[in-house]
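Chains Z and X, in that order, give the protein sequences. One point on numbering: in the working numbering, the residue at position 141 of the first sequence is 134, and numbering is uninterrupted. One point on numbering: in the working numbering, the residue at position 37 of the second sequence is 30, and numbering is uninterrupted. We treat Cβ as the ideally placed atom computed from N, Cα and C, and that holds for glycine. Worksheet for the structure shown next.
Protein chains: 2
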Amino acid sequence: MTTGTVTPDQDKPRDEDAYELDRRHVAAILYAVDTDDRDQLIELMEPLHAADIADLLEQINTFDRARLIRLYDREFDGEILSELDEGIREEVVRLLNPDVLAEAVRELDSDDVVDLLEDLEESDHETILDALEDADRVAVEQALAYPEGSAGRLMQREVVMAPEHWTVGEVIDFMRGSDDLPDQFYHVVLVDPRLHPVGNVTLGRIMSARREVPLSTLAEETFQIIPADQDEEDVAYAFNQYHLISAPVVDAEGRLVGVITIDDAMIVLDEEHEEDILRLAGVGESSLSDTVMETTRQRLPWLAVNLATAILASLVISIFESTIANVVALAVLMPIVASMGGNAGTQSLTVAVRALATRDLTGSNLGRVLRREVMVGLVNGAVFAVVMGIVGHVWFGLPLLGPVIAAAMVVNLVVAGLAGAGIPVLLEKAGIDPALASGTFVTTVTDVVGFFAFLGLASVFLL
Amino acid sequence: MTTGTVTPDQDKPRDEDAYELDRRHVAAILYAVDTDDRDQLIELMEPLHAADIADLLEQINTFDRARLIRLYDREFDGEILSELDEGIREEVVRLLNPDVLAEAVRELDSDDVVDLLEDLEESDHETILDALEDADRVAVEQALAYPEGSAGRLMQREVVMAPEHWTVGEVIDFMRGSDDLPDQFYHVVLVDPRLHPVGNVTLGRIMSARREVPLSTLAEETFQIIPADQDEEDVAYAFNQYHLISAPVVDAEGRLVGVITIDDAMIVLDEEHEEDILRLAGVGESSLSDTVMETTRQRLPWLAVNLATAILASLVISIFESTIANVVALAVLMPIVASMGGNAGTQSLTVAVRALATRDLTGSNLGRVLRREVMVGLVNGAVFAVVMGIVGHVWFGLPLLGPVIAAAMVVNLVVAGLAGAGIPVLLEKAGIDPALASGTFVTTVTDVVGFFAFLGLASVFLL
Chain Z
-6 MTTGTVTPDQ
4 DKPRDEDAYE
14 LDRRHVAAIL
24 YAVDTDDRDQ
34 LIELMEPLHA
44 ADIADLLEQI
54 NTFDRARLIR
64 LYDREFDGEI
74 LSELDEGIRE
84 EVVRLLNPDV
94 LAEAVRELDS
104 DDVVDLLEDL
114 EESDHETILD
124 ALEDADRVAV
134 EQALAYPEGS
144 AGRLMQREVV
154 MAPEHWTVGE
164 VIDFMRGSDD
174 LPDQFYHVVL
184 VDPRLHPVGN
194 VTLGRIMSAR
204 REVPLSTLAE
214 ETFQIIPADQ
224 DEEDVAYAFN
234 QYHLISAPVV
244 DAEGRLVGVI
254 TIDDAMIVLD
264 EEHEEDILRL
274 AGVGESSLSD
284 TVMETTRQRL
294 PWLAVNLATA
304 ILASLVISIF
314 ESTIANVVAL
324 AVLMPIVASM
334 GGNAGTQSLT
344 VAVRALATRD
354 LTGSNLGRVL
364 RREVMVGLVN
374 GAVFAVVMGI
384 VGHVWFGLPL
394 LGPVIAAAMV
404 VNLVVAGLAG
414 AGIPVLLEKA
424 GIDPALASGT
434 FVTTVTDVVG
444 FFAFLGLASV
454 FLL
Chain X
-6 MTTGTVTPDQ
4 DKPRDEDAYE
14 LDRRHVAAIL
24 YAVDTDDRDQ
34 LIELMEPLHA
44 ADIADLLEQI
54 NTFDRARLIR
64 LYDREFDGEI
74 LSELDEGIRE
84 EVVRLLNPDV
94 LAEAVRELDS
104 DDVVDLLEDL
114 EESDHETILD
124 ALEDADRVAV
134 EQALAYPEGS
144 AGRLMQREVV
154 MAPEHWTVGE
164 VIDFMRGSDD
174 LPDQFYHVVL
184 VDPRLHPVGN
194 VTLGRIMSAR
204 REVPLSTLAE
214 ETFQIIPADQ
224 DEEDVAYAFN
234 QYHLISAPVV
244 DAEGRLVGVI
254 TIDDAMIVLD
264 EEHEEDILRL
274 AGVGESSLSD
284 TVMETTRQRL
294 PWLAVNLATA
304 ILASLVISIF
314 ESTIANVVAL
324 AVLMPIVASM
334 GGNAGTQSLT
344 VAVRALATRD
354 LTGSNLGRVL
364 RREVMVGLVN
374 GAVFAVVMGI
384 VGHVWFGLPL
394 LGPVIAAAMV
404 VNLVVAGLAG
414 AGIPVLLEKA
424 GIDPALASGT
434 FVTTVTDVVG
444 FFAFLGLASV
454 FLL
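Put into structure tokens, the structure is as follows:
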């Protein structure tokens, strides 16, 4: 019997470190690698889940990683490969002894092999495909025929289905008689004679019903059919929105070709979130195990875009060079107006980007959301206008400096609200991921407007 | 038999709008409300899932919401309440006729009632608790005894368990004989005589095994026990990390008290992500249905903090007022140095905050990550130093301005990398959510260092 891994923090106070790899355990593993002690290494790795071993490999450096994998050798499990970050998966595949790699890949389900291949270079595909048995190889190649990021890539092809007119007894006898049921399944999909899915019955309901009950009377209320070419992001949304546990996938003719389960959807949801959060910050796909050069390459493009927009803002400032030369206080205060606008714009844009991702911001309520953002900008603008009006006046003692910075603040916060909510919507309409590009556009707008409003008003009223 | 809702985009090209509420459908519903046409309203609402109705209610304005709910009246389903955003849930609860509310609440599972109560004011609790049957009321009150945000609140108390020595036949007979099995369940939890969970068996494996097979031989490999007082964030992490479908929850003595399923974990994961992304942008809990005043109140505090730090940066600038008065070009260029630092810092900090949330950044690799950030800062700094050195020189024709801005750029990008990765770690160690506060700290550092380095070097070398 399999023994359960009791969570390590069972006796510890509730803290942030639950499920974190124990630092001493990692040190002990690295010591075993240092001393070339294979038995000790295997003993220390034994209690770890494949996902934890993958985390460990990501956390240590390239040199230690290579030594550990060589020492661990045949113990290396296929699941570790599935769990590894794309970044170092390729590195690990190349470190593995070909026999070990073949063995590891054969252990995986076909959908995990597909996932593995997606992130490897074409040149490594053959090595892995060759390791598979013929049936698996065909399944993998069929899945790869669907576009990347589609439901077809995500689904498992093994489905337990039953004709819609069957009874509980019939499906139980069928399941008991078949010896190639999937490892994990939770529903029986009811199909019509043309293989179109018409309902989903949970195993729990089958278990607790009498044998003569027709399956169709047990079908679940919420039932969604996923087209095989649907974007995986939409699939994840449907699972989250309708609390699905599994959903049948159909081809262009509506025939059942596979099933997607909630655990796959959860992984996609997690990846989409990660992507959104990193894109909002102007970071490409990245992980902690990336090298300095990889990291530089991911971040440099957005810094370059930022430089261009910063220079644009500087050009606005340079229009008012003579004004600043007359009143140096303007140079001291101008970053405040720009910074407040940038912050308020980022707030609005983040809410808008999230609302677009969760389909909460639609054509029906866009007008209302924009009006709200403008109002919020006005109210916050008014509050900070008063504060900065006083600060500006007290600090520099110029009578008109207060009203000028106050007015600029109101203008910039209103613009920030409008740009923050409007730009993501426009980008989405144009087919551009709003998470990716909104930030730069919005802060460019708030910088330019902030400097222009403040310095412009100052040159009119202060000179 | 229940008919399946075929996804609306089945025939449409793959697009971003899958599952989005159809604008015309919303307009038709509002027209039915306008014309007081109850039959038409009910007919239009009929095909919508409770989650979609909740979205609809969130998207329309307060006035329409009240009219719709009054017209819809007894058709209002309890599940809609569960799906509503906290923000307007309270409003809707108060709009509902007490009889309708009582009926709606009685339809819900006890864990959904708990979820509902968590977000309502104490004064509304009694109305809802009174509507429940005695057994449900006790279950709800027991769940509320666990701390908010703990596994105890998240779990369902209905568990299907079996003694570890039972066979497949025994558990099937037991399930067929009991008439209060939960609506949705996917595993049977094996327990020892003291009710400690020792294994998990999926229904699929029970279905496909012969009657005499001992359950313990079918137990799953991955088996995690969740303490009832564990933070729900850690629970969601465990489900995501170990690909769990369901996990037993135990009390302080290790006795089985409930079970958490992946759909609950997915909701928590989604909420945590939402919280992280909004906190990184300095927005509190928020939704599109918040009023102008609520939204202002959520955003004002962080804008105030930002104002304080912006003033701090201005104080740094004011030290160099006389330098700027001499060379106005400095005022034109200084925002570029600060802006690049702020951007680079945000990149590093977002990666660090994510890595902390996924337990990828630990004591074992912190040193390496910090070194990498410094190196990336140096490389990116060097690239933009060359660019800005040339721009500064060409634009203003001052021979030493190029080297000065180049040096300031390198300094600020290195500091940005260090602060971006280091500050979240320090905040986490101090028990503060790094997503909440890192941004302000990091941009303060990069503003202050950026202005100080640039203007300081300028006053030494240019005057």
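Note to self: Cutting at 6 Å between CB atoms, please list the residues of its own chain near R204 of chain X, excluding the five before and the five after it.
What the structure shows: For this step, residue 204 of chain X is matched to residue 211 along the second sequence. Contacts found: V161, G162.
Check: Any C-beta of chain Z sitting closer than 7 Å to the C-beta of Y179 of chain X?
Finding: Taking the second sequence and counting its residues from 1, the one referred to as residue 179 of chain X is at position 186. So yes, Y179 of chain X belongs to the interface.
Check: Helix, strand or coil for N90 of chain Z per DSSP?
Finding: Locating residue 90 of chain Z in the first sequence gives position 97, where the first residue counts as 1. Coil.
Notebook entry, point to check: Mapping DSSP to helix, strand and coil, what is T343 of chain Z?
Noted result: For this step, residue 343 of chain Z is matched to residue 350 along the first sequence. Correct three-state label for T343 of chain Z: helix.
Note to self: For chain Z, check one thing: does any of its Cβ atoms lie closer than 7 Å to the Cβ of T439 of chain X?
What the structure shows: Along the second sequence, read from residue 1 onward, the residue named residue 439 of chain X stands at position 446. So, not an interface residue.
Notebook entry, point to check: Looking at C-beta atoms only, is the number of pairs between the stretch 400 to 411 of chain Z and the stretch 385 to 392 of chain Z that lie closer than 8 Å three or more?
Noted result: no
Next item on the list: Mind listing, in chain order, the continuous beta strand (DSSP E) runs of no fewer than 3 residues lying wholly within the stretch 269 to 305 of chain Z?
Entry: none
Checklist line | T288 of chain X and V379 of chain Z closer than 7 Å at C-beta | finding: Working through the second sequence from its first residue, we reach residue 288 of chain X at position 295. Working through the first sequence from its first residue, we reach residue 379 of chain Z at position 386. Not in contact: T288 of chain X and V379 of chain Z (Cβ atoms no closer than 7 Å).
Note to self: Give me the subset of the stretch 230 to 247 of chain X whose CB atoms are less than 7 Å from a CB atom of chain Z, sorted by chain position.
What the structure shows: Taking 7 Å as the Cβ-Cβ cut-off against chain Z, the residues of the stretch 230 to 247 of chain X that qualify are Y230, A231, N233, Q234, Y235, H236, I238.
Notebook entry, point to check: What residue from X:M402, X:N373, X:L147 has the CA that sits closest to G385 of chain X's CA?
Noted result: By 1-based counting over the second sequence, the position of residue 385 of chain X is 392. The residue with the shortest Cα to Cα distance from G385 of chain X is X:M402.
Next item on the list: Find the residues of chain X that neighbour E314 of chain Z, judging by a C-beta separation of less than 7 Å, and give them in chain order.
Entry: Locating residue 314 of chain Z in the first sequence gives position 321, where the first residue counts as 1. Result: V321, V325.
Checklist line | Where Y12 of chain Z meets chain X, residues with beta-carbon distance less than 7 Å | finding: Mapped onto the first sequence, residue 12 of chain Z falls at position 19. Within 7 Å Cβ-Cβ: D227, Y230, A231, Q234, R352.
Next item on the list: Enumerate, from N- to C-terminal direction, the unbroken beta strand (DSSP E) stretches of 3 or more residues contained entirely within the stretch 103 to 161 of chain Z.
Entry: 154 to 156
Next item on the list: Could you name each continuous alpha helix (DSSP H) segment of 4 residues or more that falls completely within the stretch 379 to 447 of chain Z, going from the start of the chain to the end?
Entry: Counting only runs of 4+ residues, the alpha helix (DSSP H) found wholly inside the stretch 379 to 447 of chain Z occupies 394 to 422, in chain order.
Notebook entry, point to check: Can you find a CB in chain X that lies within less than 7 Å of the CB of M168 of chain Z?
Noted result: To locate residue 168 of chain Z, count along the first sequence from 1; it is residue 175. Taking Cβ atoms only, chain X reaches closer than 7 Å to M168 of chain Z, which makes this a yes.
Next item on the list: Give the DSSP-derived three-state secondary structure of H236 of chain Z in the structure shown.
Entry: The count along the first sequence starts at 1 and reaches residue 236 of chain Z at position 243. When DSSP states are grouped into helix, strand and coil, H236 of chain Z belongs to the coil group.
Notebook entry, point to check: Can you name the residues that DSSP bridges to H42 of chain Z?
Noted result: The count along the first sequence starts at 1 and reaches residue 42 of chain Z at position 49. None; H42 of chain Z has no bridge partner.
Notebook entry, point to check: Could one say the Cβ of T433 of chain X lies closer than 7 Å to chain Z's Cβ atoms, at least one of them?
Noted result: Numbered from its first residue, the second sequence carries residue 433 of chain X at position 440. Chain Z contact via Cβ: absent.
Checklist line | T351 of chain X - DSSP class collapsed to helix/strand/coil | finding: The sequence position of residue 351 of chain X within the second sequence is 358, counting from 1. DSSP, read as helix, strand or coil, puts T351 of chain X in coil.
Check: Applying the criterion that 16 or more other CB atoms from any shown protein chain within 10 Å of the CB defines a buried residue, is S171 of chain Z buried or exposed?
Finding: The residue you call residue 171 of chain Z lines up with position 178 of the first sequence. Under this definition S171 of chain Z is an exposed residue.
Next item on the list: Using the Cα positions of S201 of chain X and E36 of chain X, report the straight-line distance between them to the nearest angstrom.
Entry: If you number the second sequence from 1, residue 201 of chain X lands on position 208. If you number the second sequence from 1, residue 36 of chain X lands on position 43. Straight-line Cα distance between these residues: approximately 43 Å.
Margin query: Classify S357 of chain X: buried if its beta carbon has 16 or more other beta carbons within 10 angstroms, exposed otherwise.
Written below: The residue labelled residue 357 of chain X in the question sits at position 364 within the second sequence. Label assigned to S357 of chain X: buried.
Check: Which residue's Cα is closest to the Cα of I165 of chain Z: Z:P207, Z:Q149, Z:D105, Z:R146?
Finding: Taking the first sequence and counting its residues from 1, one reaches residue 165 of chain Z at position 172. Here the closest residue by C-alpha is Z:P207.
Next item on the list: Would you identify the three-state DSSP class for A57 of chain X, choosing helix, strand or coil?
Entry: Position 64 of the second sequence, counted from the first residue, corresponds to residue 57 of chain X. Strictly speaking, residue 57 of chain X in this sequence is Asp, with Ala absent from that position. Helix.
Margin query: Could you pull the DSSP bridge partners for I253 of chain X from this structure?
Written below: Sequence index remark: in the second sequence, residue 253 of chain X carries index 260 (1-based). In DSSP, I253 of chain X forms a bridge with X:A240.
Next item on the list: Could you have a look at V321 of chain X and say whether DSSP puts it in helix, strand or coil?
Entry: Here residue 321 of chain X refers to the residue found at position 328 when the second sequence is read from its first residue. In this structure, V321 of chain X counts as coil in the three-state DSSP scheme.
Notebook entry, point to check: Secondary structure at P186 of chain X, three-state DSSP: helix, strand or coil?
Noted result: Reading the second sequence from its first residue, position 193 is the one you call residue 186 of chain X. In the structure shown, P186 of chain X sits in coil (DSSP, three-state: anything other than H, G, I, E or B).
Check: From D102 of chain Z to V298 of chain X, what does the alpha carbon distance come to, in whole angstroms?
Finding: Position 109 of the first sequence, counted from the first residue, corresponds to residue 102 of chain Z. Position 305 of the second sequence, counted from the first residue, corresponds to residue 298 of chain X. If you take the alpha carbons of D102 of chain Z and V298 of chain X, they lie about 51 Å apart.
Next item on the list: Measure the Cβ-Cβ separation of V309 of chain X and Q291 of chain X and say whether it is below 7 Å.
Entry: Here residue 309 of chain X is taken as the residue at index 316 of the second sequence, counted from 1. Here residue 291 of chain X is taken as the residue at index 298 of the second sequence, counted from 1. Their beta carbons are not under 7 Å apart, which means V309 of chain X does not touch Q291 of chain X by this criterion.
Notebook entry, point to check: Rounded to a whole number of angstroms, what is the C-alpha to C-alpha distance between Q135 of chain Z and A331 of chain X?
Noted result: Taking the first sequence and counting its residues from 1, one reaches residue 135 of chain Z at position 142. Taking the second sequence and counting its residues from 1, one reaches residue 331 of chain X at position 338. Rounded to the nearest angstrom, the two C-alpha atoms are 52 Å apart.
Notebook entry, point to check: Residues in the stretch 261 to 278 of chain Z with C-beta within 8 Å of chain X's C-beta atoms, listed in sequence order?
Noted result: L262, D263, H266, E267, D269, I270, L271, L273, A274, G275, V276
Note to self: For P328 of chain X, would you say it is in contact with chain Z, using Cβ-to-Cβ distances shorter than 7 Å as the test?
What the structure shows: Residue numbering aside, residue 328 of chain X sits at position 335 when the second sequence is read from its first letter. Closer than 7 Å to some Cβ of chain Z, the Cβ of P328 of chain X qualifies, so yes.
Item checked: Alpha carbon of I17 of chain Z to alpha carbon of Y230 of chain Z, nearest angstrom -> In the first sequence, counting from the first residue as 1, residue 17 of chain Z sits at position 24. In the first sequence, counting from the first residue as 1, residue 230 of chain Z sits at position 237. It is worth fixing the name first, because residue 17 of chain Z is Arg in this sequence and not Ile. Looking at the two C-alpha atoms, the distance is approximately 40 Å.
Note to self: Give me the chain X residues within the contact set of I317 of chain Z, using Cβ-Cβ distance strictly less than 7 Å, ordered along the chain.
What the structure shows: What you label residue 317 of chain Z is simply residue 324 of the first sequence in a count that begins at 1. Here the neighbours are V321, A324.
Next item on the list: Can you tell me the Cβ-Cβ gap for V228 of chain X and I219 of chain X, rounded? I've got them flagged as a contact below 8 Å.
Entry: As a first step, residue 228 of chain X must be located in the second sequence, where it is residue number 235. As a first step, residue 219 of chain X must be located in the second sequence, where it is residue number 226. Right, their Cβ atoms sit about 6 Å apart.
Next item on the list: Spatial neighbours of T0 of chain Z within its chain, please: CB distance less than 6 Å, with the 5 preceding and 5 following residues excluded, ordered by chain position.
Entry: Locating residue 0 of chain Z in the first sequence gives position 7, counting from the first residue. Low local confidence applies: a pLDDT of 41 at T0 of chain Z is under 50, so the model's placement there is unreliable, with the coordinate-based value given in what follows. Correct list: empty, nothing qualifies.
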